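First the structure, in the form of structure tokens, and then the observations on it.
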Amino acid sequence: MEVWVNLSNKAFPVPGKLKQHGPARIIAMCNQKGGVGKTTTTINLAAALAEYGRKILVVDFDPQGALSVNLDADYQDATTIYDLLMDSTLDPVAAIQKTSIENLDVIPANIDLSAAEMNLVTEMGRERVLDGILKKVKNDYDIIFIDCQPSLGLLTVNALTAAHGVLIPMATEFFALRGVALLVQTIDKVKARTNPSLELDGLIPTMHDSRTLHAREVLARLQEAFPTVVFDTAIARTVKFPDATVARKPITQFAPTSVAAESYRRVARELVKRGSAA
Ligand code: ADP
Ligand code: MG
Numbered sequence: 238m239e240v241w242v243n244l245s246n247k248a249f250p251v252p253g254k255l256k257q258h259g260p261a262r263i264i265a266m267c268n269q270k271g272g273v274g275k276t277t278t279t280i281n282l283a284a285a286l287a288e289y290g291r292k293i294l295v296v297d298f299d300p301q302g303a304l305s306v307n308l309d310a311d312y313q314d315a316t317t318i319y320d321l322l323m324d325s326t327l328d329p330v331a332a333i334q335k336t337s338i339e340n341l342d343v344i345p346a347n348i349d350l351s352a353a354e355m356n357l358v359t360e361m362g363r364e365r366v367l368d369g370i371l372k373k374v375k376n377d378y379d380i381i382f383i384d385c386q387p388s389l390g391l392l393t394v395n396a397l398t399a400a401h402g403v404l405i406p407m408a409t410e411f412f413a414l415r416g417v418a419l420l421v422q423t424i425d426k427v428k429a430r431t432n433p434s435l436e437l438d439g440l441i442p443t444m445h446d447s448r449t450l451h452a453r454e455v456l457a458r459l460q461e462a463f464p465t466v467v468f469d470t471a472i473a474r475t476v477k478f479p480d481a482t483v484a485r486k487p488i489t490q491f492a493p494t495s496v497a498a499e500s501y502r503r504v505a506r507e508l509v510k511r512g513s514a515a
């Protein structure tokens, strides 16, 4: 049985239609730990916001390319984010692909991106390359999500430099808290050096198993340590997510009436209510 994991009874209203689109708020999805739900949250939050009529671009910024695969993008023959990083004469608009979901577009990545950190090191303004790319496309979107790789290296610094806000998806497991301090340090460094207005938009608890005392304790600790930062909706652990991945669909299309789909819609409405999205 699926259960709701709302941390309060707050209502987050369905956002009204936008009269015009853009310029986008850019949000980096970051956590240097792998397998915590970054890509899953990027896809499903993006799809939920697209359902609410927001124009969304998701940028695959992980050489693993899971976002591209899961959205059924062409990541082999098409122009990827790596090509854009390496050649500033390329038009980023031409690299944008439509997905099967209305209002949701993607710039793909593949394993080539793993060479980017090394190749960018000698560049002037190496932290601002992604920023330069996204500036050229942001007027066409309401929100741009960057699905970061699990590291705090130069690619993630590029994402944080290009972003207005950071969202941290975090599995409610042991060790979850350990990494946050390091991530917050990185965010502070980027604020001091390349992006003073960067904001922490929130921490989204994921893969939450509310039946275990342990997970409930981790969540309580998170709320205690970051009271206003933690989202009011925790995403439950359910096999529906891996199943949706296999079907290459967001949960909102794979199981539209499920609690899992509704929980990402609630996160989407909360993001708008918090003022972190149009
Ligand atoms: P990351 O991008 O942080 O590495 P992913 O989003 O790829 O993490 O998730 C890792 C794995 O966990 C994937 O197989 C995904 O389908 C699965 N997963 C993500 N969220 C959930 C969830 N809420 N419940 C169960 N499995 C999940
Ligand atoms: Mg990922």
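The opening residue of the sequence shown carries number 238 in the working numbering; numbering runs sequentially from there. The beta-carbon is built from N, C-alpha and C at its ideal position, and this holds for glycine as well. Since we're looking at a predicted model, the values are computed, not measured.
Contained alpha helix (DSSP H) runs [length at least 4] in the segment 350-382, N- to C-terminal order
353-357, 366-372
Close Cβ partners of L294 (< 6 Å) along its chain, the five nearest in sequence each way excluded:
D342, Y378, I381
What number of angstroms, rounded off, separates the C-alpha of T316 from the C-alpha of A265?
21 Å
In the DSSP assignment, what residue or residues form a beta bridge with K335?
D342
Are there 16 or more other CB atoms within 10 angstroms of the CB of P479, so buried, or fewer, so exposed?
exposed
Bounding residues of the alpha helix (DSSP H) (the contiguous stretch that carries P329):
Looking at the DSSP string, P329 is not in any alpha helix (DSSP H), and its letter there is neither H nor E.
DSSP three-state call for L294: helix, strand or coil?
strand
Separation of R502 from T475, as counted between CA atoms
16 Å
Could you tell me whether the segment 322-329 touches the segment 502-514, using the rule of 3 or more Cβ pairs below 8 Å?
no
What residue from L440, P493, L397, V466 has the CA that sits closest to R262's CA?
L397
G416 and K270: beta carbons closer than 8 Å?
yes
Compare the C-alpha of I445 against each of V366, K335, A497 and name the closest.
A small fix is needed here, since residue 445 is His in this sequence, not Ile. Nearest C-alpha to H445: A497.
Going by Cα to Cα distance, which pick from N243, P250, C267, V296 is closest to V394?
C267
Which listed residue (E410, D425, S351) has its alpha carbon closest to that of G274
E410
Do L350 and P300 count as a contact pair if the criterion is CB distance below 8 Å?
yes
Should P433 be listed as close to the ligand ADP, given that the test is whether its C-beta is under 7 Å from any heavy atom?
no
Just curious, the alpha helix (DSSP H) that L421 is in, first and last residue?
The identity of residue 421 in the sequence shown is Val, whereas the question assumes Leu. Taken as a continuous stretch (DSSP letters only), the alpha helix (DSSP H) holding V421 covers 413-430.
Would you mind working out which of H258, T277, A303 sits nearest Y289, comparing C-alpha positions?
H258
Below 8 Å on the Cβ atoms is my guess for D297 versus I370; work out the distance and round it to an integer in Å.
Actually they do not touch by this definition, with Cβ atoms about 13 Å apart.
Which partner residues of V403 appear in the DSSP bridge assignment?
A265, L437
Selection from L419, R363, E360 that minimises the alpha carbon distance to P387:
L419
Please confirm whether T431 and E364 have their CB atoms less than 8 Å apart.
yes
Flag P345 as yes when its Cβ comes closer than 7 Å to any non-hydrogen atom of the ligand ADP, and as no otherwise.
no
Using a C-beta cutoff of 8 Å, does D314 count as contacting chain B?
Absent here is chain B; the protein component of the structure consists of one chain.
L357 versus H401 - alpha carbon distance
22 Å
Rounded straight-line distance, which links the Cα of M361 to that of A520
Any answer about residue 520 is impossible in this case: the structure gives the chain only from 238 up to 515.
From V366 to L322, what does the alpha carbon distance come to, in whole angstroms?
6 Å
Beta carbon of L440 nearer than 8 Å to that of I472:
no
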